[in-house]
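Student: Once you've had a glance at the structure underneath, I'll fire off some questions.
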Amino acid sequence: MRSPNKEIKEHQLFISNIFVWFKLLRDNKIEWKFLNKILQISLISLITTPFQLLQQVYLFPLKIRKKELDHDPVFIIGHWRSGTTHLHYIMNLDDQFICLENYQAFFYRVAFIGKFILRPFLQAFIPKKRPQDNFKIEYPL
7 MRSPNKEIKE
17 HQLFISNIFV
27 WFKLLRDNKI
37 EWKFLNKILQ
47 ISLISLITTP
57 FQLLQQVYLF
67 PLKIRKKELD
77 HDPVFIIGHW
87 RSGTTHLHYI
97 MNLDDQFICL
107 ENYQAFFYRV
117 AFIGKFILRP
127 FLQAFIPKKR
137 PQDNFKIEYP
147 L
């Protein structure tokens, strides 16, 4: 059993589509020991819903989808623990490449619309280090 100070605060369902989240709650058994996490996910999803909708309805179809790329993208794909994060950091040092910020990767549903408003709020839920390998997460997100 985990000690309380080792509990992971963040969850991959943060900023879920609220309708999908409520359907998951309705269709599956809820273990009440996770009530705090359920409430956190519900609250964050509700708060971010307007930003999600704006990004999905306005920004993506009107701006992002129409963006022409000057060069083909480079994707780093590899088995976990094989050095992909290290390669990502090395490539990020080269000005000819750009990459996602942690915020954009973690909170992709609101990454463009909610960046300046939601970032400080959501940053509170990101750990200082990755729980799987104790690797420092760089800020700002």
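If you count by the numbering used here, then the sequence shown holds residues 7 to 147, one letter each, in order. We put the beta carbon where it would ideally sit given N, CA and C, even for glycine.
Can you tell me where the alpha helix (DSSP H) with residue 112 in it begins and where it stops?
Tutor: In the sequence shown, the residue the question calls residue 112 occupies position 106. 108-112 is the span of the alpha helix (DSSP H), which, as asked, contains residue 112.
Student: Could you spell out the range, first to last residue, of the alpha helix (DSSP H) harbouring residue 119?
Tutor: For the purposes of this step, residue 119 is taken as residue 113 along the sequence shown, with counting starting at 1. First-last for residue 119: undefined, no H or E at that position.
Student: Identify whether residue 7 lies in helix, strand or coil by the three-state DSSP scheme.
Tutor: Position 1 of the sequence shown, counting from 1, holds the residue named residue 7. Residue placement at residue 7 cannot be trusted, given a pLDDT of 48 that sits under 50; what the coordinates show is reported in the next sentence. Residue state, collapsed to three classes: coil.
Student: Which residues does DSSP list as the beta-bridge partners of residue 39?
Tutor: Translated into the one-based positions of the sequence shown, residue 39 becomes position 33. DSSP, once it has assigned bridges, lists no residue as partnering residue 39.
Student: Can you check whether the CB of residue 116 is closer than 9 Å to the CB of residue 106?
Tutor: Sequence index remark: in the sequence shown, residue 106 carries index 100 (1-based). Sequence index remark: in the sequence shown, residue 116 carries index 110 (1-based). For residue 106 and residue 116, no; Cβs fall outside 9 Å.
Student: Using DSSP with H/G/I as helix, E/B as strand and the rest coil, what is residue 72?
Tutor: Walking along the sequence shown from the start, residue 72 turns up at place 66. DSSP places residue 72 in coil when its eight states are reduced to three.
Student: Helix, strand or coil for residue 29 per DSSP?
Tutor: Here residue 29 corresponds to residue number 23 of the sequence shown, with the count starting at 1. Residue state, collapsed to three classes: helix.
Student: Is residue 90 buried or exposed, if buried means 16 or more other CB atoms sit within 10 Å of its CB?
Tutor: Residue mapping note: residue 90 aligns to position 84 of the sequence shown, counting from 1. It counts as exposed.
Student: What does the alpha-carbon distance come out to for the pair residue 18 and residue 80?
Tutor: Numbered from 1 along the sequence shown, position 12 holds the residue referred to as residue 18. Numbered from 1 along the sequence shown, position 74 holds the residue referred to as residue 80. Roughly 25 Å between the two C-alpha positions.
Student: Buried or exposed for residue 120, please, with buried defined as at least 16 other CB atoms from any protein chain shown within 10 angstroms of its CB.
Tutor: Within the sequence shown, the letter at position 114 stands for residue 120. Residue 120 is buried by the Cβ-count criterion.
Student: If distances are taken between C-alpha atoms only, which option among 70, 78, 74, 118 comes closest to residue 54?
Tutor: Residue mapping note: residue 54 aligns to position 48 of the sequence shown, counting from 1. Comparing Cα positions, the closest option is 118.
Student: Can you give the Cα-Cα distance for residue 128 and residue 31, rounded to whole angstroms?
Tutor: Indexing the sequence shown from 1 puts residue 128 at position 122. Indexing the sequence shown from 1 puts residue 31 at position 25. Looking at the two C-alpha atoms, the distance is approximately 22 Å.
Student: How close, in whole Å, do the beta carbons of residue 47 and residue 22 come, if the pair is a contact with beta carbons under 8 Å?
Tutor: Translated into positions along the sequence shown, residue 47 becomes position 41. Translated into positions along the sequence shown, residue 22 becomes position 16. About 7 Å separates the two Cβ atoms, so the contact holds.
Student: Please report the residue range of the alpha helix (DSSP H) in which residue 96 lies.
Tutor: By one-based count along the sequence shown, residue 96 stands at place 90. 90-98 is the span of the alpha helix (DSSP H), which, as asked, contains residue 96.
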